[in-house]
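Going letter by letter, the first sequence gives residues 28 to 733 in this note's numbering. Working notes, beginning with the structure itself.
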Amino acid sequence: MSKITITAALPYANGPVHIGHLAGVYIPADIHARVQRLRGEEVLFICGSDEHGVPITLRARKEGVTSQDVVDRYHKIIGDSFKELGISFDIYSRTSNATHKELSQAFFKNLYEKGAFKEIRSEQYFDEQAGQFLADRYIVGTCPSCKNEGAYGDQCEKCGSTLSPTELLNPKSALSGTVPMMKETVNWYLPLDEIQETFLNEWLGGKSHWKSNVYGQCKSWLNEGLRPRAMTRDLEWGVPVPIDGADGKVLYVWFEAPIGYISATKELRPDDWEQWWTGDSRLVHFIGKDNIVFHCIIFPAMLHLRGDGYVLPEQVPANEFLNLEGQKISTSRNWAVWLNEYLVEMPNRKDELRYVLTSIAPETKDSEFTWKDYQTRVNSELVGILGNFANRVLVLMQKYYEGVMPAVGTVREPYALFDRSGAGDHPMVVDYVRPVVDLLNNYQFRDAQFKMMELARLGNKYLAEHEPWKLVKTDAEATAMVLSEAVQVLYNLALLMEPFMPEASSRLLSQLGVSVSADDKQSFWLAGSQPGKWFELAEGHTLGAAGLLFQKIEDDVIDAQIAKLQATAASAAALAQAAGVATDSVVAGIEAKEEEAKPEVAYDDFAKLDLRVATVIACEKVEKADKLLKLTLQVGTEERTVVSGIALHFQPEEVVGKQVLLLANLAPRKMRGIESQGMILMAEDADGKLVFMSPSNSVAPGSSVS
RNA sequence: GGCGAGGUAGCUCAGGUGGUUAGAGCGCAGGAUUCAUAACCCUGAGGUCGGGGGUUCAAUUCCCCCCUUCGCUACCA
Numbered sequence: 028m029s030k031i032t033i034t035a036a037l038p039y040a041n042g043p044v045h046i047g048h049l050a051g052v053y054i055p056a057d058i059h060a061r062v063q064r065l066r067g068e069e070v071l072f073i074c075g076s077d078e079h080g081v082p083i084t085l086r087a088r089k090e091g092v093t094s095q096d097v098v099d100r101y102h103k104i105i106g107d108s109f110k111e112l113g114i115s116f117d118i119y120s121r122t123s124n125a126t127h128k129e130l131s132q133a134f135f136k137n138l139y140e141k142g143a144f145k146e147i148r149s150e151q152y153f154d155e156q157a158g159q160f161l162a163d164r165y166i167v168g169t170c171p172s173c174k175n176e177g178a179y180g181d182q183c184e185k186c187g188s189t190l191s192p193t194e195l196l197n198p199k200s201a202l203s204g205t206v207p208m209m210k211e212t213v214n215w216y217l218p219l220d221e222i223q224e225t226f227l228n229e230w231l232g233g234k235s236h237w238k239s240n241v242y243g244q245c246k247s248w249l250n251e252g253l254r255p256r257a258m259t260r261d262l263e264w265g266v267p268v269p270i271d272g273a274d275g276k277v278l279y280v281w282f283e284a285p286i287g288y289i290s291a292t293k294e295l296r297p298d299d300w301e302q303w304w305t306g307d308s309r310l311v312h313f314i315g316k317d318n319i320v321f322h323c324i325i326f327p328a329m330l331h332l333r334g335d336g337y338v339l340p341e342q343v344p345a346n347e348f349l350n351l352e353g354q355k356i357s358t359s360r361n362w363a364v365w366l367n368e369y370l371v372e373m374p375n376r377k378d379e380l381r382y383v384l385t386s387i388a389p390e391t392k393d394s395e396f397t398w399k400d401y402q403t404r405v406n407s408e409l410v411g412i413l414g415n416f417a418n419r420v421l422v423l424m425q426k427y428y429e430g431v432m433p434a435v436g437t438v439r440e441p442y443a444l445f446d447r448s449g450a451g452d453h454p455m456v457v458d459y460v461r462p463v464v465d466l467l468n469n470y471q472f473r474d475a476q477f478k479m480m481e482l483a484r485l486g487n488k489y490l491a492e493h494e495p496w497k498l499v500k501t502d503a504e505a506t507a508m509v510l511s512e513a514v515q516v517l518y519n520l521a522l523l524m525e526p527f528m529p530e531a532s533s534r535l536l537s538q539l540g541v542s543v544s545a546d547d548k549q550s551f552w553l554a555g556s557q558p559g560k561w562f563e564l565a566e567g568h569t570l571g572a573a574g575l576l577f578q579k580i581e582d583d584v585i586d587a588q589i590a591k592l593q594a595t596a597a598s599a600a601a602l603a604q605a606a607g608v609a610t611d612s613v614v615a616g617i618e619a620k621e622e623e624a625k626p627e628v629a630y631d632d633f634a635k636l637d638l639r640v641a642t643v644i645a646c647e648k649v650e651k652a653d654k655l656l657k658l659t660l661q662v663g664t665e666e667r668t669v670v671s672g673i674a675l676h677f678q679p680e681e682v683v684g685k686q687v688l689l690l691a692n693l694a695p696r697k698m699r700g701i702e703s704q705g706m707i708l709m710a711e712d713a714d715g716k717l718v719f720m721s722p723s724n725s726v727a728p729g730s731s732v733s
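As C-alpha cells, this is what we get:
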C-alpha cells in the first residue's frame, strides 16, 4: 500500500465549471481516486479554487465589486456543484486562505534563500494616476495587426494575435484611461534555461511513457529552449512577495497555484501533510492540455529546486479539449453547459452526465459533446443496455422466485455462463473484471467504462440465448441455473460500475439486497495484482426492492437545452448577423431548421454596429477560392479591403461601381491570406440568391446608416 | 513561420513494430423475439484509413511535400 496524492487542476474562480472541465479533468480524476481507494490504497484527492491573477481583478472592476467578492461567489458555486455531482475530493480548498498564503510564501522564501531566483530589472508600463504597474491585461490599445482599438497588452481578442504591451499603438491604462509611462521595476525570475540543463532535460527524458500529447508538448518546449520566467508580478491581488523591497508585488499565479495543492493538503492534514509530498508517495496531476507546461515543467522545477525530498509527478494524464455542438467551449461567449445549471435543469441525472462525459472523454484528441448524442447514449446505452438488463433480471427473479435466490446444483451445459473446469483465475474475472482494472490503472477511463458495459451486453445476450421465460414452462432446474447466472452477472456489474457511476452502483446493489464490505470490494478491485474474485449470491438470498435504474430522456428535454444554446449563439452573433462568410462559424454549430426570429436585442447592442454606405472601386477573384471576391471599397476618404463570399453570385466586373451596405467595425479576419476589414451586408432570397443592399439614391461613400 | 497532437465507415471514436477479409458504439436495412423503459438478440449494407509523391515483393501503417483541425510559440508590419 502506498500513498497516492491525486490533484485535479484548480478551477479558476472567475466562472462556474462546465462540462469541458468535467470531461477533461474532474471526472477522470474522480474515477481514478475512487478506484485507488477501492483497491485499498491510501489516497488524498486534492482540489480547490485558484483565486488570484489578473482576469479576476478585471472581472471585479467590470462588475464594480472587489476581487474577493468575485472569488467568494465562484468558489461557492464551483465547490457546491462539485459536491453535488459527487466528485470525491478529500478537500476542496482555495488559494485565498491563510494556510495557502503562509505556505506559498514559505516556499518562495525557501527558494529565494537558496539563491534559486534571478533578480531582473525591466521597464514596465506604469500608471502614475493609479500609482501602480500595469499587468499586460491592464493595458489597452490599438492592435498593430488588425487596428482593433480594444486590444489587450498580451493579446488581441479580435484577431487573436499574441502581443506584448510595447507593441500596442496608443497604449492606455485600463485603470485610469491615462497614457502609461515606462518605469523600471524588479522581479524575481526562475532561470528555467539553467534548470533545463541541470535537471529538466534528463528528468523529462525519462517520461516517454507519458501520453503522447503530454510528452510531445514538453519536448517541444525543451527543444525551443526554456527562458527565465518571472515568478513575481507588480500587482495587488495575490500572495505578497515575502521579502524586503517587494512592496506592491505578488507571487505569479502559476508559481503559487500549484502550491495550492500542497497547502490544501496541509489544511486537511495539519500533522502529517508532508508525508503526502515526500518519501514514496506517488503524485498524479489531472489537468487539461492548456496546463501542461506548468505541471510538467515549472512546478516540477520548483519542487526539484526545493529539494527536501519533495516528490515529482509520476503521471500527468492531461486531456485534450471537449467541444460543444461543433464549437469550442468559451466562458466569455457563454458557449458552455455549466455544471451548476445542468444539476438544476437535469435533476437526478448525475451519473448520466458522468457516464456520457467519460464515454466521450478527450483522451487522445479533442472530442465533441452534443445534446443529441447525450440523449442517445443515455437512452440506448444506460437505459437500453445496462438498465434494461438489470430490470429484466430483477423482474424475472421476482416473477419466478419472489426475489429469493433459488437452489442451483452444478450449472450444466448449455446453460453455463463460463467454463468451470479450469483451475486458474476465474474466467469472468479474466475476461471482464481484470481488463477494466487494467485499463483504469493505465488511465484509459473511456475504454474501461466501455469494457464494463460489455458485461451488461453479455448479460442481455445470455438471456436472449437461453430464454428463461420459455424454460420456465418446461425445465424448472434450467430456469434456476440461467437466472442465477444472470443475477451473478448483475451483481458483479454493480460492483464494476462503482467508480464510473457511484450512485447507480449503490442503487443497484441495494436492489440486489447486498451491502459489500470494503474488504470484499478490495479483493474485487485488486484483480490483476491478485487473482480477483467473482461475487455470487447464495441460495436463499433475498433481493431488495426493484426499480428502474435510469430513466429515458424525452426529446423535449433535449430540445430545450439545444434551444438554450441557440439563443446564446444568436445573441453572440447578433452584432454580426447577416449573410456572409465571417458569421458562418458563429452560428454553424446548430443550424436552425427554418429562419427563425432572433431574440430581442438592446438598443445599445445595435448601436455598437458601425454601418456605412461604401462604393466598390475595385474587385477581383481570390485565387484558389471558389466563393471569395476581394473588394476594394471607398468609405469616406478611406479605402478598405473586404473579402466577401459572393463569387458564386457575381462576376467581379459587375460589382464595381455599386454602392453597398458595409458593417465597418466587424473584427478583421483573414481569408485566403487576405485581411477582410468589414463585411458587406446582403439580402438572401428564398432560393439562396444574394442581393446587394444599396441606397435608393446614391449617397456619399462613408455615409453612416442608423 | 516553427513545434506538438490530430485528420480512419452517415455520426462519435478505437487501432495499426508494414503483410491474408481495417474495428467498436450509435444510426440505417432486414430478420427473430416478448422477460424487459417499442427495450433486448441475430444478420447485413457502408471506408481506395486527408491529398500527392517516394522506399518496399507489399503501406492505411515508414520517409518527403501539400491541404486541414486543435494547441503551444515566434516574427513581421
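A virtual CB, placed ideally from N, CA and C, is assigned to each residue, including glycine.
Counting only runs that start and end inside the region 87 to 166, the beta strand (DSSP E) elements of at least 3 residues fall at 118 to 121 and 145 to 154. DSSP places L553 outside both helix and strand once states are collapsed to three, so it counts as coil.
Judged by DSSP in its simplified three-state form, G272 adopts coil rather than helix or strand.
Counting only runs of 3 or more residues that sit fully inside the region 348 to 384, the beta strand (DSSP E) segments are 349 to 351, in chain order. For S200, the enclosing beta strand (DSSP E) has its first and last residue at L196 to S200. In terms of CA proximity to K426, L570 leads the group M209, D586, I319 and L570.
Segment contact: the region 211 to 226 against the region 131 to 150, three or more CB-CB distances shorter than 8 Å; contact assigned.
The DSSP-derived three-state label of G75 is strand. In this structure, the beta-carbon distance from I83 to V97 falls below 7 Å.
Between the region 219 to 227 and the region 324 to 332, the count of Cβ pairs shorter than 8 Å is three or higher; the stretches touch.
Boundaries for P462: no beta strand (DSSP E) harbours it, while the alpha helix (DSSP H) harbouring it runs R461 to N468, taken from the DSSP string. Going by DSSP, D261 is part of no alpha helix (DSSP H) but of the beta strand (DSSP E) stretching over T259 to D261. Going by beta carbons, L161 and S200 fall inside the 7 Å limit. By the CB criterion at 7 Å, S120 and E78 fall outside the cutoff. Sixteen is the threshold: when 16 or more other Cβ atoms of the shown chains lie within 10 Å of the Cβ of P55, as they do, the residue is buried. Residue range I54 to L65 is occupied by the alpha helix (DSSP H) that includes H59. In the three-state reduction of the DSSP assignment, P327 falls in the helix class, which pools H, G and I. In this structure, the beta-carbon distance from L689 to M720 does not fall below 7 Å. Exposed is the label assigned to E155, since fewer than 16 other Cβ atoms lie within 10 Å of its Cβ. Pairing L482 with Y518 gives a Cβ-Cβ distance that is not under 7 Å. Put simply, the backbone Cα of I46 is about 8 Å away from that of L384. The distance from the Cβ of E347 to that of N240 is about 6 Å, consistent with a contact at the 8 Å cut-off.
Short of 6 Å from the beta carbon of M508, and not among the five residues preceding or following it, lie these beta carbons of its own chain, in chain order: V435, V438 and Y442. A distance below 8 Å between beta-carbons, with the five flanking residues on each side excluded, links I166 to the following residues of its chain, in chain order: Y152, Y179, G180, P192, L195, P198, K199, S200, A201 and P207. Counting only residues of its own chain and dropping the five nearest sequence neighbours on each side, S511 has a CB closer than 7 Å to the CB of M432, P433 and V435.
Put simply, of M373, P374, F396 and P389 the residue whose alpha carbon is nearest the alpha carbon of E352 is F396. Just measuring C-alpha positions, the residue of Q402, N415 and N406 sitting nearest G574 is N415. Around the Cβ of I707, a 10 Å sphere holds 16 or more other Cβ atoms; the residue is buried. If you compare the alpha carbons of S542, W398, Q342 and V662 with that of K591, the shortest gap goes to W398. Considering only L85, Q354, G306 and C170, the residue with the shortest C-alpha distance to T595 is Q354. From the listed residues Y459, P722 and G42, the smallest Cα separation to T358 is found for G42. DSSP, read as helix, strand or coil, puts N692 in coil.
P495 and I589 have their C-alpha atoms spaced approximately 43 Å apart. Under a 10 Å Cβ-count criterion, A50 is classified as buried, with 16 or more other Cβ atoms of the shown protein chains found around its own Cβ. CA-CA distance, K316 to V44, rounds to 16 Å. In this structure, the CA atom of F577 is about 15 Å from the CA atom of V584.
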